[in-house]
Structure formats: structure tokens, C-alpha cells
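Start counting the sequence shown at 4; every next residue gets the next number (my numbering).
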Amino acid sequence: MFPLYIIGFMGAGKTTIGKKLSDVLDISVFDTDHLVEQQEGKRIPEIFSEKGEHYFRDKESEILTNTKNMNAIITTGGGIILRKGNRELIKSSGVSVFLQCDIEIIMKRLQNDTSRPLLMNKKLEEVKALFELRMPYYEEAASFTIDTSFLTVPETVEEILKRIK
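Written out as C-alpha cells, the structure is:
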């Protein structure tokens, strides 16, 4: 079953749910964005502005490859599924849950978040387009999907536990 990948658009609750599942299952959780930041010694917005998105995606793919044999929960960046190789690795090396959420709810959650370079100075229509572009990729990589739009964190965790046990 492990690794257990948690995938989804930014703001869907991946990091929060991953930490809670880690507590419940008593296993480690690793966040690919945080691992890239640790490796680079910089925050993601700095990496994007100094080295570009392609460089960041390369590092993200490298980190993902390094986690494929871990007995752990792996929370991923929202764009990790953009590369076919990443989708294939996620699908073949563990169980993956796609945390789906309505875009309007995501926008409310993220309206004051300055740590997301792909949201900087973007209008709702642009973010919706990005969301819609990624949707088929999340679905392709997912073992199963849970809509978190109207679920609490404990309810979401309970749904995941039902599916993986």
C-alpha cells in the first residue's frame, strides 16, 4: 500500500490531511515541496524566480523518484502530475488519493497566500483554467478520489482510511 501519495490542486488540503493521516497511522509524512526547499535552501517562490519553473519541476521529479520505496505518506505539490513520468510513478509505486475541491473554495482558502508562485497576480479565470488543465492528470494518477469541498479534516481522513484498509 505504501507509499500513500496525496495529490491535488493547491489549497485542496494535501499537507493538512497528510499530517493528520501520519498521526493516525503512526508513519512518517514527507512533503515534496518542503523536500525541494530543503535541498535548494530556498523557498519555492525564490526557486521559481531565480531558476524557473522547469528547474523546479526537475527537482520535484527527482524528489518523487527518491520517495517511491518509502513506507510513508507523500504529500505532493499541485503541479507534480504535469509530467507523465511522475503520474506513472505515482500510479505504479503506491496508492494515490486525489483530494478534489471546488475551485471557488480553493480560491477562498488561498486568497492571502503569497507562497504560491503560480497564483501571483492571477485572476480567477486564469486559476480556473490551470485547475481545469490539471484535472485529467490528477484523475489519471489517482487510485481514488475524495471531494474535500464540504468535508472536515477528520471526515476526509476517515474516508481515506476506509478506502485503504
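Glycine included, every Cβ here is placed at the ideal spot set by N, Cα and C.
Bridge partners - residue i, DSSP secondary structure assignment
| i | result |
| --- | --- |
| L67 | Bridge partners of L67: none, in fact. |
| I106 | Answer by DSSP bridge pairing: none, since I106 is not bridged. |
| L7 | I76 and V98 |
Contacts around residue i, its chain only, beta-carbon distance under 6 Å, and the 5 residues preceding and following it disregarded
| i | result |
| --- | --- |
| Q103 | T148 and D150 |
| I30 | A75 |
| G81 | F12 and M13 |
is_contact[residue i, chain D] using C-beta, thresh 8 Å
| i | result |
| --- | --- |
| E63 | As a matter of chain content, chain D is missing from the structure shown, which is built from one protein chain. |
Which of helix, strand or coil DSSP assigns to residue i
| i | result |
| --- | --- |
| T19 | helix |
| S99 | strand |
| G88 | helix |
| K165 | helix |
Close Cβ partners of residue i (< 8 Å) along its chain, the five nearest in sequence each way excluded
| i | result |
| --- | --- |
| Y140 | I84, L85 and R90 |
| L92 | L67, T68 and K71 |
| F33 | T70, M73, A75, I76, I77 and T78 |
| F59 | V39, I47, I50 and F51 |
Rounded Cβ spacing between residue i and residue j (contact assumed at less than 8 Å)
| i | j | result |
| --- | --- | --- |
| T79 | I9 | 7 Å |
| V98 | I167 | 6 Å |
| S96 | P157 | At roughly 28 Å, the Cβ-Cβ gap does not stay under 8 Å, so S96 and P157 are not in contact. |
Jot down the residue ranges of each uninterrupted beta strand (DSSP E) in the region 23-81, minimum 3 residues, whole runs only, in chain order.
32-34 and 76-78
Run through the region 125-155 for me and flag every whole alpha helix (DSSP H) of 4 or more residues, listed as ranges in chain order.
127-144
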